[in-house]
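**Q**
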Amino acid sequence: MSSNFSTLILRCSDPKHLREIQAVLTAGGLLLSGSSSGVFFHNSLIRAYTRLSSPCSSLLLFSDLLRSGFLPDSHSFSFILKACSLIPARFTGLSAHALAFKLGLDSDLFVNNSLIHFHSVTGVIADARLLFDRSYQRDSVSYNSMISAYVRVGDLGNARNVFDEMPTRDGISWSAIIAGYAQGGASKEALRLFSRMQEEGFVPEGKTLVSVLAACAHMGALEQGKWVHGYLRSNGAKIDVFLGTALIDMYAKCGEVDLGLKVFDEMPEKNLLAWTTMIKGLGMHGRGEEALQLFSEMERSGVVPDDIAFIGALCACTHAGLVDRGRQIFDSMYHCYGLRPKVEHYGCMVDLLARNGLLNEAKELVDCMPMEPDASVWGAFMAGCRFYRNVELAEYAVKHLIQLEPNSSGVYVLLANIYASSGRHADAKMVRYLMKKKRIEKIPGCTLVEIRGIVHQFLVGDTSHAQIKDILMKWDEIEDRIRLAGYVPNKKEVLLDINEDEKEDALGRHSEKLAIAFALISTEDGATIRLVKNLRVCTDCHDATKLISKVYEREIVVRDRTRFHLFKDGSCTCKDFW
DNA sequence: TTAGGGTTAG
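So the first sequence is numbered by the UniProt record's numbering: it starts at 1 and just counts up by one.
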């Protein structure tokens, strides 16, 4: 009889059904004091409710357990602390901690591990560390909990220390530390550790591969991302919603959005995140119409968009120049879903209007925003001013931007470019002087290129690459050939106080030119070249890349900070608008 | 019957 109920609870997949089982147990007196299996059934129900995302029901059951005069055991504490971590319910968890202490159960390995996890999730990592340091016994779970505690707060140094100190690591230790590096943007280290993990004989699991795919997406490492996909396929792994979303994102961010669409179409279940990732992916590639079609399809399928999904939809409008659709979508946030647009949504709208030359409408929107515009709003406005050469409005934006970000190089660079391109060289010079005086430095440009599964990194003016001589020679050849096709170096982009010849040299050392030269000598004729940049593409590199795509008959896919450029036969999919 | 690792934007 008992084991029948136990199996029922264990297999139950619906909280409603669980409540029915609970009612039967109550009616049968199995949850009342005096019942020999009362603690056991309480525990089973607490665990099941937490598993089915009803942690509040778990809390209620725990208080029932105490009120009925039962003494909770170590299982009860493990289960209730997990529920408290999920909600998260700091005070209830603390009471449970105090009670476990009173009953002498806090030294139990399982309870202590649950406490470490609970304290780290509810924000007091020092307490988690104290429990870890003072624990009577430790196993890999204790270490793993501590690693993920540090990962959660972004303290990778300490996470790595704990990882390195572990006597024996398991798959979860590797997964936790790889996820940490991947989430912290240290993708190269994440992938390095992933190789080490395999060298040490650990078989990759789905959860680990999700992080690995995120690292590939971040670095634009298509080959490695494809390897993961192939690995999953050859092992007949089920592509769950996490893996599917990670694959879609990886393909989109590595320039193969159509492969992402294929994964998306084949996914048996799609949640909001999967839809949002696909919509954003299409938007990044300038395929705004398709992205918006998908957004509507998502709404029809009953998935309710959140504020991030709206950012995806608005960005799609921006990259495709769909002003009216953007206005409609922005209005629908509140009118259809009761979501009040945040500053980011205003930023998208300002971007959309300004990019399409509606500078006055963009300014009106900025002026009547219900919150203070932030740097991204002013930045979007200013980029529009730059494109349409509206110096007066650009200066207006700069006044605000400099107050918000007095040390950001981007503002000064953009302003100097605006002055230079509208012929106000004295003003441009003044900006350069100001930058120098304030010791504001440009963020160095960095480009990544993956050749045969290895990611190579180039910084602006970088001479550290083993083949730098060949690369520079190749660039000279490229420059000669594209000059014949009409290339004129655009020296306005150079903000250094150097002479004209030196300016040309400085342009030729931009990280993406070095990366393209390297890619041309390292790949066979006709192969697509894929680059990932940390900054926006500069006008000169954009012009040069268009011509290279024509002269060398190569497709060149460049991912910049926010979107993709596909250079083909002398033109770019961004239509020179970025 | 216990505890630990995963995906989207800015």
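Even for Gly, the Cβ is constructed at its ideal location relative to N, Cα and C.
Between which two residues does the beta strand (DSSP E) harbouring residue 446 extend?
**A** 446–451
**Q** Flag this pair as touching only if the segment 179–193 and the segment 419–431 have three or more C-beta atom pairs under 8 Å; answer yes or no.
**A** The segment 179–193 makes no contact with the segment 419–431: fewer than 3 CB pairs, one atom from each, lie closer than 8 Å.
**Q** Leaving out the 5 sequence neighbours to the left and right, which residues in its chain are closer than 6 Å to residue 447 when beta-carbon positions are compared?
**A** 458, 511, 512, 515, 531 and 533
**Q** Please classify residue 609: does DSSP put it in a helix, a strand, or coil?
**A** This structure does not reach residue 609, given that the chain is present from 1 up to 578, and the question cannot be answered.
**Q** Does the distance from the CB of residue 245 to the CB of residue 283 come in under 9 Å?
**A** no
**Q** Does DSSP put residue 471 in a helix, in a strand, or in coil?
**A** helix
**Q** Who are the Cβ neighbours of residue 22 in its own chain at under 7 Å, not counting the five residues just before and after it?
**A** 45
**Q** To the nearest whole angstrom, what separates the beta carbons of residue 159 and residue 180, a pair I think is in contact under 8 Å?
**A** 5 Å
**Q** Going by Cα to Cα distance, which pick from 349, 355, 27 and 567 is closest to residue 387?
**A** Closest by C-alpha distance to residue 387, out of 349, 355, 27 and 567, is 355.
**Q** Enumerate in chain order the residues of its own chain whose CB-to-CB distance from residue 359 is below 7 Å, with the five nearest sequence positions on each side excluded.
**A** 384, 385, 388, 390 and 393
**Q** Could you check how far apart the C-beta atoms of residue 322 and residue 288 are, in whole angstroms? I think they sit under 8 Å.
**A** 5 Å
**Q** Can you tell me which of 204, 250 and 200 puts its alpha carbon nearest to the alpha carbon of residue 215?
**A** Among 204, 250 and 200, the Cα nearest to that of residue 215 is on 250.
**Q** Mind checking whether residue 248 and residue 278 have CB atoms under 9 Å apart?
**A** yes
**Q** Roughly how many whole angstroms lie between the Cα atoms of residue 535 and residue 560?
**A** 6 Å
**Q** Rounded to a whole number of angstroms, what is the C-alpha to C-alpha distance between residue 128 and residue 269?
**A** 37 Å
**Q** According to DSSP, is residue 325 helix, strand or coil?
**A** Note: residue 325 maps to helix in three-state DSSP.
**Q** Helix, strand or coil for residue 568 per DSSP?
**A** strand
**Q** Could you check how far apart the C-beta atoms of residue 374 and residue 404 are, in whole angstroms? I think they sit under 8 Å.
**A** 7 Å
**Q** May I have the straight-line CA-CA distance separating residue 473 from residue 452, to the nearest angstrom?
**A** 22 Å
**Q** Ignore the nearest five residues each way along the sequence and tell me which others in residue 55's own chain have a CB closer than 6 Å to its CB.
**A** 83, 86 and 87
**Q** Flag this pair as yes or no: are the beta carbons of residue 15 and residue 53 separated by less than 9 Å?
**A** yes
**Q** Under a three-way DSSP split, which group does residue 458 fall into?
**A** strand
**Q** For the alpha helix (DSSP H) containing residue 178, list its first residue and its last residue.
**A** 171–183
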